[in-house]
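Oh and the sequence shown: position 306 is 309 in this note's numbering, straight run, nothing missing.
In this text, a Cβ means the ideal position worked out from N, Cα and C, and glycines have one as well.
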Amino acid sequence: MTSPENTAKPKGGGALVVILGALTALGPLSNDTYLPGLPDLTHDLHATASAGQLSLTACLLGLGFGQLFAGPVSDALGRRRPLVFGLGVYTAAALLCAIAPNIWLLVALRAIQGLGGAVGIVTAAAIVRDRHEGAAAAKYFSLLMLITGLAPVLAPVAGGQLLRFTSWHGIFTLLGIIGALMLVVVAVGLPETLPAERRHSGGLKATGPVFRTLLSDRLFVGYTVAGGLAFAAMFAYIAGSPFVLQDIHGMSPQGFSAVFAVNAGGLVVAAQVCGRIVHRTGPRPLLALGLSGSAVGGVGLLVTVLAGGGLVPLLVALFIVVSSVGLVMPTSTALALQDHGSSAGSAAALLGLSQHVFGAAVVPLVGLAGEGTAVPMGIVIAALGVSALTFFATLTRSRGLPADETAEARTEQTATA
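Listed below in structure tokens is the structure:
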């Protein structure tokens with residue numbers, strides 16, 4: 004008889020990809036679905052644009068800091084039990100968001116929703132590392148982004164269409180229903196991938212030393228920070244684009260959702276190209292290309308808004324910034340986790356923290372000058388893109404070997420010792 008903690012090798016690879024992709028999509032799903040309704044939400048709750056964007060910031064902080072706890076707990080208890088608990092929290096918080104009477108209670112509930120969703124995100128990354136490493140992991144992460152990428156494509160489109168029949172309250176109700184369905188699927192269809200003998204017996208007490216070890220690894224820090232800054236640039240776009248495209252350039256919620264879908268489609272295509280060629284190129288060159296694209300797109304965006312270049316060049320620059328993430332995220336994640344299979348949950352937690360905390364920090368900045376200018380969004384996205392490329396170039400330079408070979412050499416030396 005099979006117990007809920009069955010640790011046999013997972014079967015049904017296609018089903019596992021779908022489940023992990025759905026878990027990874029919790030972040031964009033939680034944030035992108037209600038974006039077309041964000042202006043209406045701020046109006047209904049008598050809030051400013053900056054206060055409304057705090058509902059996005061709060062969820063990002065929950066998604067980031069929640070992983071600091073979820074990662075080590077999953078290393079100690081296995082992947083399944085923390086995941087089921089987290090999805091329960093996510094579902095309850097989303098349903099309560101639908102009936103929030105004011106902006107501040109909504110912000111608090113969004114933070115809790117993010118905490119629950121964080122468990123799914125970090126667990127999905129840890130499960131991939133339980134089964135794969137190196138270029139194989141990068142290819143798997145690229146495959147997950149095909150599933151994950153559907154969230155930013157479909158979520159704002161669904162949100163925009165839902166606003167024809169309901170309000171932002173109905174959108175949060177839908178998120179609660181989706182969370183409940185995912186909870187059932189995980190409980191029934193996701194096997195345990197971390198056997199008891201590979202778990203950290205120290206529990207949360209061992210978290211400090213594990214994090215110190217990770218943060219002392221220059222390559223881990225370089226890949227984590229570079230990926231996190233590029234990811235934050237996408238969130239600056241997510242937070243600023245509803246107001247820039249709808250209020251400044253006069254797009255309807257449906258038109259905005261179509262633009263959002265095109266950009267997300269570029270991300271998905273880039274991720275799939277990455278997955279197909281990463282075994283030939285290695286992850287590091289593709290990461291360099293993605294970070295360069297993020298920097299170039301960000302600078303182009305800033306020049307466009309400062310020069311008053313109009314809508315078309317602005318959309319082109321945003322497309323480059325967002326599409327570049329499709330190359331950055333699979334490769335930076337695989338490279339950062341490569342040497343840390345025994346603490347994959349904790350390493351994935353720090354990765355997730357950097358992505359979501361950087362994102363949360365910059366989201367309020369894009370609305371500081373009000374709803375009538377795109378300059379703050381341009382400045383933030385350009386600064387993040389250039390900074391990401393700089394951190395990558397300075398912290399991840401190999402010591403005479405490519406990044407993959409350096410990691411293998413260190414592993415070999417450790418085994419010999």
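Judged by DSSP secondary structure, Thr336 falls within the alpha helix (DSSP H) whose first and last residues are 314 to 340. Nearest C-alpha to Leu330 among Ala141, Pro379, Gly55, Ser390: Ala141. Comparing alpha carbon positions, the residue from Arg82, Leu294, Gly348, Ala161 closest to Ala385 is Leu294. With contacts defined as CB atoms closer than 9 Å, Thr307 and Gly381 qualify as a contacting pair.
Distance check between Ala235 and each of Val383, Phe168, Arg113, Met254 places Val383 closest, using alpha-carbon atoms only. The beta carbons of Ala183 and Val87 sit no closer together than 9 Å. About 6 Å separates the beta carbons of Ser357 and Val228, which is inside the 8 Å limit, making them a contact pair. A residue is called buried when at least 16 other Cβ atoms come within 10 angstroms of its Cβ; Thr169 does not meet this threshold and is exposed. Non-local C-beta neighbours of Val122 in its own chain, meaning closer than 6 Å and more than five positions away in sequence, comprise Ala73, Pro85, Leu86, Gly89, ordered along the chain.
In the DSSP assignment, Ser53 falls within the alpha helix (DSSP H) that extends over 52 to 80. Short of 7 Å from the beta carbon of Ser335, and not among the five residues preceding or following it, lie these beta carbons of its own chain, in chain order: Tyr226, Ala229, Gly230, Leu290. The beta-carbon distance between Ala352 and Gln70, rounded to whole angstroms, is 4 Å. This is short enough to meet the 8 Å contact definition.
In the three-state scheme derived from DSSP, where H, G and I count as helix and E and B as strand, Arg221 is classed as helix. In the three-state DSSP reduction, Phe238 falls in the helix class (H, G or I).
When DSSP states are grouped into helix, strand and coil, Thr393 belongs to the helix group.
Take Ser58, set aside five residues on each side of it, and the residues of its chain with a beta-carbon closer than 6 Å to its own are Leu109, Val110, Arg113, in chain order. With contact defined as three or more Cβ pairs closer than 8 Å, the segment 31 to 50 and the segment 313 to 322 are not in contact. Taken through DSSP and simplified to helix, strand or coil, Tyr37 comes out as coil. If you check the CB distance, Leu186 and Gly120 do not come in under 9 Å.
When DSSP states are grouped into helix, strand and coil, Arg400 belongs to the coil group. Taking 9 Å as the cut-off, the beta carbon of Leu354 is found no closer than this to the beta carbon of Ala364.
Within the model, the alpha-carbon separation for Ala242 versus Gln116 is close to 18 Å. Judged by DSSP in its simplified three-state form, Ala158 adopts helix. Excluding sequence positions up to five before and after Ile22, its CB lies within less than 7 Å of the CB of Val188, Val189, Gly192, Leu193, all in the same chain and listed in chain order. In the three-state scheme derived from DSSP, where H, G and I count as helix and E and B as strand, Met380 is classed as helix. If only complete runs of 4 or more residues are kept, the segment 246 to 287 shows the alpha helix (DSSP H) at 256 to 284, in order along the chain.
For the options Phe238, Leu99, Val125, the alpha carbon positioned closest to that of Leu368 is the one of Phe238.
In this structure, His359 lies away from Gly91, with their beta-carbon atoms at least 9 Å apart. In the DSSP assignment, Pro85 falls within the alpha helix (DSSP H) that extends over 83 to 100. In this structure, DSSP gives His46 a helical state, which the three-state scheme calls helix. The three-state secondary structure of Gly311, taken from DSSP, is coil.
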